[in-house]
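Here's the structure we're looking at; comments come further down.
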Amino acid sequence: MIVDVNGLTIKYRDLIAVDNISFQVQEGEILGIIGPNGAGKTSALECIEGLRKATSGKMLVSGISPENRQSLYTSIGVQLQEASFPDMIKVEEVCRLFSSFYSEPTDYNALLERFNLSEKRKLYVKKLSGGQKQRLSIIVALIANPKVIFLDELTTGLDPAARKDMWELIKSMRDEGRTIIMTTHYMEEAEYLCNRVMVMVKGKIVASGTVKELIEQADIKQRITYNSNEGCKDDLMKIDNVSNMQCENGKTIISGTGKNLLRDVTMYLTSNNIPFENLTNINPGLEDVYFHFTGHLPEVN
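Take 97 as the starting number for the sequence shown in the numbering used here and just add one per residue.
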């Protein structure tokens with residue numbers, strides 16, 4: 097493992113922001129952390145990054161304790177949730193400044209080219225779009241050539257096209273073998289990018305795993321619905337993996353699991369000459385998981 101967190105607790109006077117959490121991250125994976133505002137996500141990241149002091153707990157990133165900041169910062173890249181650059185500084189000046197912090201920085205010219213900012217190098221930061229500023233923040237995080245990258249709500253505020261462009265950039269960093277820990281309020285983003293997802297609520301980790309594992313932990317069922325004037329067909333309950341059925345006003349709702357559930361239900365209807373229309377299949381996703389564990393929908397800004 098490249099990140100090892102054991103018993104991390106953060107207290108602010110009487111408030112326990114992070115409550116004795118432990119988790120590990122394997123090299124080359126993307127771990128997503130989701131949860132409502134105030135769940136402790138950013139506080140936890142800031143401790144692991146060495147930006148905030150933990151009340152208790154032990155952490156290692158690439159074998160380095162966050163207390164050893166000088167060594168840690170040659171191994172990690174950080175994009176902060178509230179990061180900003182002065183309006184009247186040029187893009188290349190930002191890159192040159194951050195390059196001066198490291199003995200062997202990555203060539204920022206190559207990074208500007210890779211992130212499509214080479215033609216913007218002479219522009220002042222205030223002239224950049226939101227997506228371009230976010231790309232600049234990633235360039236700054238990569239100048240140290242880090243093994244582990246922390247991204248705190250990187251795509252918040254971006255339009256859908258810019259957000260998806262950012263997803264591909266994040267995937268490319270993982271494909272290089274880098275490890276990424278990210279927070280997000282976008283469930284589609286977490287499903288698309290993350291190898292594993294960790295759900296935090298009130299400072300605790302309430303669930304962790306792949307999206308499929310989280311759906312199983314939450315016991316969220318697939319739903320198939322259709323309309324028919326034939327009434328409720330009790331034999332549908334005999335189909336493998338059907339767990340529940342409801343019928344009302346000509347609409348049938350079937351709940352269950354299994355990759356062949358839709359096929360089996362459709363075959364039953366057609367083989368028994370049961371007329372139906374408006375057949376829909378709703379597979380559970382990470383948004384359903386989020387609602388199950390937090391009690392409300394994701395807070396997207």
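Each residue gets a CB set at the ideal place from its N, CA and C atoms; glycine is no exception.
Query: Span separating the alpha-carbon of Gly227 from that of Thr252; Result: 10 Å
Query: Three-way DSSP call (helix, strand, coil) for Asp183 in this model; Result: coil
Query: 7 Å CB neighbourhood of Gln177 in its chain, flanking five on each side removed; Result: Thr138, Asp248, Glu249
Query: Status (buried if at least 16 other CB within 10 Å, exposed otherwise) for His392; Result: exposed
Query: Distance CB(Ile106)-CB(Glu145) smaller than 8 Å; Result: no
Query: 7 Å Cβ shell around Asn205 - same chain, five flanking residues per side excluded; Result: none
Query: Check whether Leu238 and Thr202 have beta carbons under 8 Å apart; Result: yes
Query: Nearest neighbour of Gly153, chosen from Gln175, Phe372, Val114 [CA to CA]; Result: Val114
Query: Limits of the alpha helix (DSSP H) - the one that Gly227 falls within; Result: 226–238
Query: Three-pair Cβ contact test at 8 Å for the region 294–311 versus the region 124–143; Result: yes
Query: Ser158 - DSSP class collapsed to helix/strand/coil; Result: coil
Query: Leu332 to Glu125 span [Cα, whole Å]; Result: 41 Å
Query: N- and C-terminal bounds of the alpha helix (DSSP H) containing Leu219; Result: Segment: none, Leu219 is in no alpha helix (DSSP H) and carries neither H nor E.
Query: N- and C-terminal bounds of the alpha helix (DSSP H) containing Ser268; Result: 256–271
Query: Minimum C-alpha distance to Arg359 - residue among Asp255, Ile320, Thr348; Result: Ile320
Query: CA-to-CA distance, Val338 to Ile160, given in whole angstroms; Result: 50 Å
Query: Best match in Met262, Asn345, Asn212 for proximity to Asn325 [C-alpha to C-alpha]; Result: Asn345
Query: Cβ neighbours of Cys343 in the same chain (closer than 6 Å, five flanking residues each side left out); Result: Cys328
Query: Top-ranked residue by Cα proximity to Thr151, from Leu111, Lys223, Ala135, Tyr169; Result: Leu111
Query: Same chain, Cβ closer than 7 Å to Asp330, neighbours up to 5 away in sequence not counted; Result: none
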